[in-house]
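Protein chains in written order, with the working numbering: chain A, 76 to 326; chain B, 823 to 1091. We put the beta carbon where it would ideally sit given N, CA and C, even for glycine. Inspection log for the structure reproduced underneath, given as structure tokens.
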Amino acid sequence: MAGTKKELIDKNGVRLDGRKWNELRPIKLQVGIMKNADGSAYIEWGKNKIMAAVYGPKEVHPKHQVLPDRALLRCRYHMAPFSVDERKNPAPSRREIEISKVIREALVPAVIVEDYPRTAIEVWVEVLQSDGGSRVAGITAASLALADAGINMRDLVVGCSCGLIGEQVVSDLDDTEDKEGNGDMPVAIMPNLGLVSLLQVDGVYTRENFQKAFELAIEKGKQIYQMQREALTTRFFGGEAKTTEVEEVAE
Amino acid sequence: MMKKNYVVEAIRKAQLLQLLASGKRLDERALDQPRNLKIETGVIPKANGSARVTLGNTQVLAGVKIATGIPFPDTPDKGILMVNAEILPMSSPYAEAGPPSEDAIELARVTDRGIRESEMVDLTKLGLIPGKSVIAVFVDCNIMNVDGNLFDATSYAVVSALRTAKMKKYVIKDDKVEATDELIPVPVEKTPVSVTIARLGDRLVVDPSAEEEASMDMRITITTDDDGNICASQKGEASTISPEQVLRAADTSISVGKAIRAKILEATR
């Protein structure tokens, strides 16, 4: 872990890819990109390429899983075998099972599950290419897909990961910084309600750096939330040719 | 853990929340007071190190096994540390045999993260022949009895077992690794302490019992090291936490963790 940190950030505070400590990688968001899904979104965040699709509300199978007073939210985070340097076994790893769980727990508070009793809402997150911060990118796309599916929500959910290079707090770690840096802290927030719905920490943070990284992640999340809004506006009120075409067919 | 299966009588839950509103808990603990912690080490002589931790009625047995292994390609000169946990079917009327549940996987991974990220074990001291042979330390935890807060009990068991573990001294002769009869301790540098806090109503309580877990809507586990640094955390349950609560939980974890660390150091001296 330590040792390589000098190379990750130079004397002028410039990172390997030319960013400053508090800058984000380029993010591109698209909503409504899949024909069959009830809602979908695509995110490119640095070298991450991630699709999210939502099906539902639909009937629950097997029936013993039915929740009488609310919807059951199912979530799968999955990495394509070709998404990383070494081929990844396509079977769900323990890491993917844990991430699926924390993504679900980050999304459920935003969905008004009480509006859809006895139904299932399925969220599929597929990482086509991974580049550090894929869980927060997945959450950001998944919440757009839920909104695209017209599911009642209290707020969007948006994520950003902050961390440490040496003792320097930095925003939005890429793959190299995640592996060779000194800490990673993925955070997801509901920006309008000011609440945190995902928090994971690894690395060694002083109490001061912990607060700094945590607050930076919230600040960056709010910035990405503006991009989510724009992507939804484009989807539903025109802008790009691709999205208006869908609306014309609906007429 | 086990929340969805643990049925608390409605009346008990109402009583619990009502008591909490006036700052009291069912078992008369203070909000930031963990349950009684008992640590017994060396309980399994065939293991390189072992510890049985009893936290309230939650009981976890951790065992360390040490062998030589092949290093990971990206860390050719570092040893291997693996922490795993299994919720035994005997541990609760709601536990089942079979492949690990989502909860069990999360438990194992969060425990592993606290130990790994704090750099408790100096893996650079476990290298033998770069790229070919290193010392591998496996810590497996058996959850024997479930009564809430498996995260902390498991973490204390792992730390206690590692602190008291003895391994063979390995020497390199003619490019080959040989085990000697000399027993040496595992290179332990830090004492990470995990503190789990649950939110019930609008109160944060330390070390939730199973009854409290059944009524909680959010939990957060924060692991701190000897210097009061935060080295791992995980928020759990399908709910949110406010930024103020995160920072308050961090401070509680640092202060409660300090007292628990003293107990662990005492028991593993």
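Return yes when the Cβ of residue j is within less than 8 Å of the Cβ of residue i, no when it is not.
i	j	result
valine 1028 (chain B)	leucine 950 (chain B)	no
valine 186 (chain A)	arginine 310 (chain A)	no
leucine 839 (chain B)	leucine 1026 (chain B)	no
valine 1015 (chain B)	threonine 1046 (chain B)	yes
phenylalanine 973 (chain B)	methionine 904 (chain B)	no
leucine 231 (chain A)	tyrosine 300 (chain A)	yes
asparagine 967 (chain B)	threonine 863 (chain B)	no
aspartate 247 (chain A)	aspartate 206 (chain A)	no
tryptophan 120 (chain A)	arginine 94 (chain A)	no
arginine 210 (chain A)	tyrosine 152 (chain A)	yes
isoleucine 196 (chain A)	proline 132 (chain A)	yes
lysine 990 (chain B)	leucine 1005 (chain B)	yes
glycine 901 (chain B)	valine 956 (chain B)	yes
glutamate 908 (chain B)	asparagine 964 (chain B)	yes
aspartate 854 (chain B)	threonine 1013 (chain B)	no
tyrosine 191 (chain A)	alanine 146 (chain A)	yes
arginine 304 (chain A)	isoleucine 1076 (chain B)	no
proline 184 (chain A)	threonine 1018 (chain B)	no
valine 1095 (chain B)	proline 856 (chain B)	Limits of chain B in this structure are 823 at one end and 1091 at the other, which puts residue 1095 (chain B) out of reach.
valine 262 (chain A)	threonine 194 (chain A)	no
leucine 274 (chain A)	valine 932 (chain B)	no
leucine 182 (chain A)	serine 218 (chain A)	yes
leucine 929 (chain B)	threonine 976 (chain B)	yes
glutamate 939 (chain B)	glycine 208 (chain A)	no
Cβ of residue i less than 8 Å from any chain A Cβ?
i	result
isoleucine 902 (chain B)	no
alanine 1092 (chain B)	Limits of chain B in this structure are 823 at one end and 1091 at the other, which puts residue 1092 (chain B) out of reach.
cysteine 963 (chain B)	no
arginine 931 (chain B)	yes
asparagine 1051 (chain B)	yes
glutamate 918 (chain B)	no
alanine 1001 (chain B)	no
alanine 1054 (chain B)	yes
lysine 1057 (chain B)	yes
aspartate 1047 (chain B)	yes
serine 1016 (chain B)	no
isoleucine 806 (chain B)	Nothing about residue 806 (chain B) can be read from this structure; chain B reaches only from 823 to 1091.
serine 977 (chain B)	no
glutamate 924 (chain B)	yes
arginine 935 (chain B)	yes
Using DSSP bridges, identify the partner residues of residue i.
i	result
aspartate 277 (chain A)	A:Asp259, B:Ala1054
arginine 1041 (chain B)	B:Ala1020, B:Gly1058
valine 1015 (chain B)	B:Thr1046
methionine 912 (chain B)	Bridge partners of methionine 912 (chain B): none, in fact.
glycine 871 (chain B)	B:Val886
threonine 863 (chain B)	B:Ala873
arginine 151 (chain A)	A:Trp199
valine 943 (chain B)	B:Val1010
alanine 979 (chain B)	Alanine 979 (chain B) pairs with nothing; no bridge assigned.
lysine 954 (chain B)	Paired residue(s): none; lysine 954 (chain B) is not in a bridge.
Taking 8 Å as the CB-CB cut-off, is residue i touching chain B?
i	result
lysine 176 (chain A)	yes
threonine 319 (chain A)	Low local confidence applies: a pLDDT of 37 at threonine 319 (chain A) is under 50, so the model's placement there is unreliable, and no value is given.
proline 145 (chain A)	The amino acid occupying residue 145 (chain A) in the given sequence is arginine; proline does not appear at that position. So, not an interface residue.
glycine 225 (chain A)	no
threonine 79 (chain A)	A caution first: threonine 79 (chain A) carries a pLDDT of 47, below 50, which makes its placement in the model unreliable, though a value can still be read off. Not one chain B Cβ lies under 8 Å of threonine 79 (chain A).
glycine 241 (chain A)	no
methionine 228 (chain A)	no
glycine 278 (chain A)	yes
For the region 1059-1079 of chain B, enumerate the residues whose C-beta is nearer than 8 Å to any C-beta of chain A, in chain order. Cβ contacts with chain A come from Glu1059, Ala1060, Ser1061, Thr1062, Ile1063, Ser1064, Pro1065, Val1068, Leu1069, Ala1072, Asp1073, Ile1076.
Any contact of the region 233-245 of chain A with the region 82-89 of chain A, i.e. 3+ C-beta pairs under 8 Å? Result yes; three or more Cβ-Cβ pairs closer than 8 Å.
Would you say the region 152-171 of chain A touches the region 262-275 of chain A, given that touching needs at least three Cβ pairs under 8 Å? No: the two stretches stay apart, fewer than three of their Cβ pairs being nearer than 8 Å.
Just by C-beta distance, which residues in the region 263-276 of chain A are closer than 8 Å to chain B? Legend: CB atoms of the region 263-276 of chain A lying less than 8 Å from CB atoms of chain B belong to residues Met265, Leu268, Gly269, Leu270, Val271, Ser272, Leu273, Leu274, Gln275, Val276.
Scan the region 280-313 of chain A for residues whose Cβ lies nearer than 9 Å to a Cβ of chain B and list them as they occur along the chain. The region 280-313 of chain A vs chain B, Cβ under 9 Å: Tyr280, Thr281, Arg282, Asn284, Phe285, Gln286, Phe289, Glu290, Ile293.
Does the structure place the region 215-228 of chain A close enough to the region 155-165 of chain A that three or more beta carbon pairs sit under 8 Å? No, the region 155-165 of chain A is not in contact with the region 215-228 of chain A.
Near-chain B residues of the region 178-192 of chain A (beta-carbon distance less than 8 Å), N- to C-terminal order: Look at the region 178-192 of chain A: the residues with a C-beta under 8 Å from a C-beta of chain B are Arg179, Glu180, Val183, Pro184.
Counting Cβ pairs closer than 8 Å, one from the region 205-214 of chain A and one from the region 125-137 of chain A, do we hit at least three? They touch, by the three-pair rule.
Of the residues that make up the region 144-175 of chain A, which ones have a beta carbon closer than 7 Å to any beta carbon in chain B? Hits within the stretch, in order: Arg169, Ile172, Glu173.
For the region 886-899 of chain B and the region 860-876 of chain B, state whether three or more C-beta atom pairs, one from each stretch, are separated by less than 8 Å. The region 886-899 of chain B, when compared against the region 860-876 of chain B, does touch it at the 8 Å Cβ threshold.
Check whether the region 838-857 of chain B and the region 1046-1066 of chain B touch, using three or more Cβ-Cβ pairs below 8 Å as the test. With the rule of 3 Cβ pairs closer than 8 Å, the region 838-857 of chain B does not count as touching the region 1046-1066 of chain B.
Compile a chain-ordered list of the residues in the region 95-122 of chain A whose CB is closer than 8 Å to at least one CB of chain B. Of all residues in the region 95-122 of chain A, none is placed with a Cβ closer than 8 Å to any Cβ belonging to chain B.
For the region 128-144 of chain A, list every residue whose C-beta sits within 7 Å of some C-beta in chain B, in sequence order. Result list empty, no residue passes.
To be precise: take each residue of the region 938-968 of chain B, compare its Cβ to all Cβ atoms of chain A, and keep it if any distance is under 9 Å. Which residues remain? Of all residues in the region 938-968 of chain B, Arg938, Glu939, Ser940, Glu941 have a Cβ within less than 9 Å of some Cβ in chain A.
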